[in-house]
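No gaps in the numbering here: position 3 of the sequence shown is 3 in the working numbering, and each next residue is one more.
Using N, Cα and C, we set each Cβ at its ideal position, and we do this for glycine too.
These notes are about the structure you will find just below.
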Amino acid sequence: MDIDGIRKHCLGFPHATENVQWGCDLCFKVDGKLFAVAPLEVAPVRLSFKCTRENFAELCERPGIIPAPYMARAQWVSLQSLDAVPDGELRDFLGQSYDLVWQRLPKKRREELASVGGSKPKSKPATALEKKDAPNSAAKARKTAKGQRR
Numbered sequence: 001m002d003i004d005g006i007r008k009h010c011l012g013f014p015h016a017t018e019n020v021q022w023g024c025d026l027c028f029k030v031d032g033k034l035f036a037v038a039p040l041e042v043a044p045v046r047l048s049f050k051c052t053r054e055n056f057a058e059l060c061e062r063p064g065i066i067p068a069p070y071m072a073r074a075q076w077v078s079l080q081s082l083d084a085v086p087d088g089e090l091r092d093f094l095g096q097s098y099d100l101v102w103q104r105l106p107k108k109r110r111e112e113l114a115s116v117g118g119s120k121p122k123s124k125p126a127t128a129l130e131k132k133d134a135p136n137s138a139a140k141a142r143k144t145a146k147g148q149r150r
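So, in structure tokens, the structure goes:
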């Protein structure tokens with residue numbers, strides 16, 4: 001996947017924005033919080049993104065993937081080349097990065113953004129984070145419906 005494909009994919013997430021920071025880094029954000037960064041000029045890394053603790057350990061063992069400078073403590077990895085990960089897998093990792101950042105937003109803020117339009121895409125497969133929250137969401141919906149019947 002090239003930078004244009006990454007850009008198109010990242011901007012396809014609800015409320016995702018892009019801007020150039022730190023001189024030449026293309027930053028992808030949700031509600032002002034970074035979920036991926038790609039340098040636009042020649043650099044030692046081509047793309048950095050957030051991942052889970054488990055994926056961080058596994059990815060750092062792969063050739064061409066290193067802990068992200070300055071961000072490794074927050075489980076960010078950097079690809080030294082864009083072909084270090086197959087395209088489909090990279091799309092999944094970028095989606096997971098977006099989800100990790102989305103889930104860290106305050107619940108009230110997520111609800112505000114969802115009400116404006118563009119809640120989580122329906123066509124995207126549920127991630128582990130979404131699956132984990134699903135029972136809680138269903139229980140809350142039942143509780144709300146039960147309260148409305150009274």
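#### Entry: Counted within 10 angstroms of its Cβ, other Cβ atoms place Trp22 as buried (16 or more) or exposed
If you number the sequence shown from 1, residue 22 lands on position 22. Classified as exposed, Trp22 has fewer than 16 neighbouring CB atoms from the shown chains inside 10 Å of its CB.
### Message
On the CB-based measure, 16 or more other CB atoms within 10 Å of its CB, does His9 come out buried or exposed?
### Response
Here the question's residue 9 lines up with position 9 in the sequence shown. By the neighbour-count rule (16 or more Cβ atoms within 10 Å), His9 is buried.
### Query
Bridge partners of Lys50, per DSSP?
Along the sequence shown, one-based indexing puts residue 50 at 50. In DSSP, Lys50 forms a bridge with Trp76.
### Query
According to the Cβ coordinates, are Val101 and Phe35 closer than 8 Å?
Residue mapping note: residue 101 aligns to position 101 of the sequence shown, counting from 1. Residue mapping note: residue 35 aligns to position 35 of the sequence shown, counting from 1. Against a cut-off of 8 Å, the Cβ pair of Phe35 and Val101 comes out as a contact.
### Task
Using a threshold of 8 Å, state whether the C-beta atoms of Lys33 and Leu105 are closer than that.
Mapped onto the sequence shown, residue 33 falls at position 33. Mapped onto the sequence shown, residue 105 falls at position 105. Cβ distance < 8 Å, so Lys33 and Leu105 count as in contact.
### Query
Since Cys27 sits in a beta bridge, which residues does DSSP pair it with?
Residue numbering aside, residue 27 sits at position 27 when the sequence shown is read from its first letter. Cys27 is bridged to Asn19, Val37.
### Message
What does the alpha-carbon distance come out to for the pair Ala84 and Pro67?
### Response
Within the sequence shown, numbered from 1, the residue matching residue 84 stands at position 84. Within the sequence shown, numbered from 1, the residue matching residue 67 stands at position 67. When rounded, the distance between both Cα atoms is 14 Å.
### Query
Does the distance from the C-beta atom of Met1 to that of Asp99 stay below 8 Å?
In the sequence shown, the residue the question calls residue 1 occupies position 1. In the sequence shown, the residue the question calls residue 99 occupies position 99. Contact flag unset, no.
### Query
Hey, quick one: how far does the alpha helix (DSSP H) through Arg62 stretch, first residue to last?
Against the sequence shown, residue 62 aligns to sequence position 62. Premise fails: Arg62 is in no alpha helix (DSSP H) and is neither H nor E.
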